[in-house]
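Undergrad:
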Amino acid sequence: MKQKQSEQTKVEVDMNPMLDVVFILLIFFIVTTTFVNAKAIAVDRPKANENNNIVAKNIMIKINQDNSIWLDNRIIDPERIAANIARISANFEIKSILVNANSHSTHQTLMTVMNQVKLMGDFPIAITSKII
């Protein structure tokens, strides 16, 4: 006896109703969710002092052809540049430092001035050889 091979029909489950239910539940939970404010410790923050008395100043350091260094219209020792900048920065906010080097001055003097300025902080530095 031969059995008839029945053609098996492929059975598929329709997923559309399940997706509808999932999206409806998702919308329900999004709409009904309440957010709780976390309790925190109250901290008294210090008030900022606006000190408008500080004046911004550009510092100009001149190097003459005889390698003499001038700051605030007086000759200074190369090792005292950082101390003089610190003195000025105590009274003024320093915007930038301009190094005006004579074209006949030595590079060693210029590098000494630059190193002393860098010791005092990260100020914007401009170098020029023209008289300003």
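The opening position of the sequence shown corresponds to residue 1 in the numbering used here, with each subsequent residue numbered one higher.
Glycine residues also receive a C-beta, built at the ideal position from the N, C-alpha and C atoms.
(1) In chain order, what residues of the same chain have a beta carbon less than 6 Å from the beta carbon of Q116, not counting five sequence neighbours either side?
(2) In terms of residue numbering, what span does the alpha helix (DSSP H) encompassing M111 cover?
(3) Label A90 either buried or exposed according to how many other C-beta atoms from any shown protein chain fall within 10 Å of its C-beta, with 16 as the threshold for buried.
(4) Give, in chain order, every unbroken run of the beta strand (DSSP E) that is at least 3 residues long and sits entirely within the stretch 17-69.
(5) The alpha helix (DSSP H) with N100 in it runs from where to where?
(6) Give me whichever residues DSSP pairs with K127 in a beta bridge.
(7) Under the rule that 16 or more other beta-carbon atoms within 10 Å means buried, what is A42, buried or exposed?
(8) What does the alpha-carbon distance come out to for the pair G121 and Q65?
TA: Considering the structure as presented:
(1) Within the same chain, Q116 has close Cβ partners I81 and A82.
(2) M111 -> alpha helix (DSSP H) spans H107 to L119.
(3) Label assigned to A90: exposed.
(4) Fully enclosed beta strand (DSSP E) runs of 3 or longer: 55-63.
(5) N100: not part of any alpha helix (DSSP H); member of the beta strand (DSSP E) spanning F92 to A101, first to last residue.
(6) In the sequence as presented, Lys is not what sits at residue 127; that position holds Ile. I127 pairs with V99.
(7) Per the 10 Å Cβ criterion, exposed.
(8) Distance between G121 and Q65, taken at the CA atoms: about 27 Å.
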